[in-house]
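Numbering (UniProt numbering), first residue to last: 1 to 316.
Even glycine gets a Cβ: it sits at the ideal position worked out from N, Cα and C.
Note that this is a predicted model, so its numbers are computed, not measured.
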């Protein structure tokens, strides 16, 4: 991940909790109706009752304990398969994410969920837009992919858990990137939990001294973008960079990074640029495209890259 989005579901978590509580209540009512010697259904009721708060909540830090508890509650392969089948039927993500012929945002589904958040850029790569759009007549609509940080196939009790939802782009969530990678087994940066720990650097290629490169006067092909762990060696950072193929994907951003670096030539004049642009009625009142003193970079394509390059070259 490039950016932390811990607050992405803050405005809708209460609405989603009510939706999921209703789903769980419907399932537990059915399970309690079972009679006979088979206790698997009753064990599932106990599990859901005990962990309902975490399953319906938005705190991703509580989910690993729920995963462990599920494994402890159901140890026989036949029971696990049976329980997973029930959960997939009644906590059905495919149903929640399905696109109706006319999207009216009147029912609570993936479109209503995504339309309620202000996030516009994929947190995994930060170079792809993930906005949500629904036309006035509801006939045309699109939304971000929703990645399950912990895979729903393995953990169907988290299939509708908002604390397990990561809005992202199709490429990052597709087979060429995350695919079937198990983040519970192979640690990656978690956009809802981890601090931003990837730093971008604009470096010139080659080891020899080249004044044109140092003066930022060389062609963009003379430079490369490096991604490094901000706070030293980190397995999560290494895995995230590799899984989402971030190094090659970011090389197309070299001209943008170079343009930011060249702002360093302005020296102290950079500080007065926003005022000048405002007086000239420019719509973009910040040379970087965002206010570097807050989190607005998160909703700008390549915002983290631009912020890091501006810091590297002492633009800000």
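**Request:** Determine, using beta carbons only, whether residue 188 and residue 60 come nearer to each other than 8 Å.
**Result:** To locate residue 188, count along the chain shown from 1; it is residue 188. To locate residue 60, count along the chain shown from 1; it is residue 60. Taking 8 Å as the cut-off, the Cβ atoms of residue 188 and residue 60 do not count as close.
**Message:** For residue 29, list the residues DSSP reports as bridge partners.
**Reply:** Mapped onto the chain shown, residue 29 falls at position 29. Per DSSP, none; premise fails for residue 29.
**Asked** What's the C-alpha gap between residue 158 and residue 220?
**Response** Here residue 158 is taken as the residue at index 158 of the chain shown, counted from 1. Here residue 220 is taken as the residue at index 220 of the chain shown, counted from 1. Their Cα atoms are separated by approximately 45 Å.
**Asked** Grouping DSSP H, G and I as helix and E and B as strand, with all else coil, what is residue 193?
**Response** Your numbering for residue 193 matches position 193 in the chain shown. It is coil, neither helix nor strand.
**Message:** Using a Cβ distance threshold of 8 Å, determine whether the stretch 72 to 88 contacts the stretch 106 to 122, with at least three qualifying pairs required.
**Reply:** Put simply, the stretch 72 to 88 does not touch the stretch 106 to 122. Fewer than three CB pairs are less than 8 Å apart.
**Message:** With a threshold of 8 Å, are at least 3 pairs of Cβ atoms found where one atom belongs to the stretch 165 to 184 and the other to the stretch 243 to 254?
**Reply:** By the C-beta criterion, the stretch 165 to 184 is judged to be in contact with the stretch 243 to 254, since at least 3 inter-stretch pairs fall below 8 Å.
**Message:** Helix, strand or coil, according to DSSP, for residue 170 in the structure here?
**Reply:** Here residue 170 refers to the residue found at position 170 of the chain shown. Note: residue 170 maps to helix in three-state DSSP.
**Prompt:** Helix, strand or coil for residue 75 per DSSP?
**Reply:** Position 75 of the chain shown, counted from the start, is the residue given in the question as residue 75. Coil at residue 75, not helix or strand.
**Asked** Would you call the CB atoms of residue 20 and residue 31 closer than 8 Å?
**Response** Stepping through the chain shown from its first residue, residue 20 is reached at position 20. Stepping through the chain shown from its first residue, residue 31 is reached at position 31. Residue 20 places its beta carbon 8 Å or farther from that of residue 31.
**C-beta atoms of residue 202 and residue 312 nearer than 8 Å** = Working through the chain shown from its first residue, we reach residue 202 at position 202. Working through the chain shown from its first residue, we reach residue 312 at position 312. Yes. Within cutoff.
**Message:** Within a Cβ cutoff of 8 Å, which residues of the same chain sit near residue 314, ignoring the five residues on either side of it in sequence?
**Reply:** Here residue 314 is taken as the residue at index 314 of the chain shown, counted from 1. Taken in chain order, the residues that qualify are 264.
**Request:** With DSSP as the reference, label residue 307 as helix, strand or coil.
**Result:** Here residue 307 refers to the residue found at position 307 of the chain shown. The answer is helix: DSSP assigns residue 307 an H, G or I state.
**Item:** Straight-line gap, residue 161 to residue 293 (C-alpha atoms, nearest Å)
**Value:** As a first step, residue 161 is located in the chain shown; it is residue number 161 there, counting from the start. As a first step, residue 293 is located in the chain shown; it is residue number 293 there, counting from the start. Cα-Cα distance, rounded: 33 Å.
**Request:** Please name the residue, chosen from 316, 40 and 299, that lies closest to residue 8 on a Cα-to-Cα basis.
**Result:** For this step, residue 8 is matched to residue 8 along the chain shown. Taking only the C-alpha atoms, the option nearest residue 8 is 299.
**Request:** Evaluate residue 287 with the Cβ neighbour count: other Cβ atoms within 10 Å of its Cβ, from every protein chain shown; 16 or more gives buried, anything less gives exposed.
**Result:** Here the question's residue 287 lines up with position 287 in the chain shown. Note on residue 287: 16 or more other CB atoms within 10 angstroms of its CB, so buried under the neighbour-count rule.
**Prompt:** With distances taken from CA atoms, which of 138, 87 and 218 is nearest residue 104?
**Reply:** One-based indexing of the chain shown puts residue 104 at position 104. Residue 138 holds the alpha-carbon nearest to the alpha-carbon of residue 104 among 138, 87 and 218.
**Prompt:** Applying the criterion that 16 or more other CB atoms from any shown protein chain within 10 Å of the CB defines a buried residue, is residue 215 buried or exposed?
**Reply:** Taking the first residue of the chain shown as 1, we reach residue 215 at position 215. When all chains shown are included, residue 215 counts as exposed.
**Item:** CA-to-CA distance, residue 291 to residue 282, given in whole angstroms
**Value:** Taking the chain shown and counting its residues from 1, one reaches residue 282 at position 282. Taking the chain shown and counting its residues from 1, one reaches residue 291 at position 291. Any reading at residue 282 must be qualified, since the residue scores a pLDDT of 47, below 50, and its modelled position is unreliable; no value is offered.
**Request:** Inspect the beta-carbon positions of residue 127 and residue 302 and report whether they are closer than 8 Å.
**Result:** The residue given as residue 127 occupies position 127 in the chain shown. The residue given as residue 302 occupies position 302 in the chain shown. In this structure, residue 302 lies closer than 8 Å to residue 127 by Cβ.
**Item:** Whole-angstrom C-beta distance between residue 41 and residue 34, which should lie under 8 Å
**Value:** Numbered from its first residue, the chain shown carries residue 34 at position 34. Numbered from its first residue, the chain shown carries residue 41 at position 41. Between residue 41 and residue 34 the Cβ distance is about 4 Å, and since that is below 8 Å, they are a contact.
**Prompt:** Quick one: what does DSSP say residue 245 is sitting in, helix, strand or coil?
**Reply:** Residue numbering aside, residue 245 sits at position 245 when the chain shown is read from its first letter. The three-state secondary structure of residue 245, taken from DSSP, is coil.
**Request:** Starting from residue 142, follow its DSSP beta bridges and name the residues at the other end.
**Result:** For this step, residue 142 is matched to residue 142 along the chain shown. The partner list for residue 142 (beta bridge, DSSP) reads 133.
**Message:** Just list the residues that DSSP pairs residue 201 with in beta bridges.
**Reply:** Translated into the one-based positions of the chain shown, residue 201 becomes position 201. In the DSSP assignment, residue 201 is bridged to 226.
**Message:** For residue 168, which residues in the same chain have their Cβ closer than 7 Å to its Cβ, ignoring the five residues on either side in sequence?
**Reply:** On the chain shown, residue 168 is found 168 positions in, with the first residue counted as 1. Excluding residues within five positions, the ones whose Cβ falls inside 7 Å are 122, 123, 124, 130, 144, 145 and 147.
**Asked** Can you give the Cα-Cα distance for residue 248 and residue 68, rounded to whole angstroms?
**Response** Within the chain shown, numbered from 1, the residue matching residue 248 stands at position 248. Within the chain shown, numbered from 1, the residue matching residue 68 stands at position 68. Cα to Cα, residue 248 sits roughly 37 Å from residue 68.
**Prompt:** From residue 206 to residue 165, what does the alpha carbon distance come to, in whole angstroms?
**Reply:** What you label residue 206 is simply residue 206 of the chain shown in a count that begins at 1. What you label residue 165 is simply residue 165 of the chain shown in a count that begins at 1. Taking the Cα positions, residue 206 is about 42 Å away from residue 165.
**Request:** Assign residue 225 to one of two classes, buried (16 or more other C-beta atoms within 10 Å of its C-beta) or exposed (fewer than that).
**Result:** Indexing the chain shown from 1 puts residue 225 at position 225. Within a 10 Å sphere around the beta-carbon of residue 225 sit 16 or more other beta-carbons, which makes this residue buried.
**Message:** Taking the alpha helix (DSSP H) that residue 256 belongs to, which residues open and close that run?
**Reply:** Sequence index remark: in the chain shown, residue 256 carries index 256 (1-based). It spans 254 to 261 - the alpha helix (DSSP H) in which residue 256 sits, taken as one unbroken run.
**Asked** In three-state terms, what does DSSP make of residue 286?
**Response** Residue 286 sits at position 286 when you count from the first residue of the chain shown. Correct three-state label for residue 286: coil.
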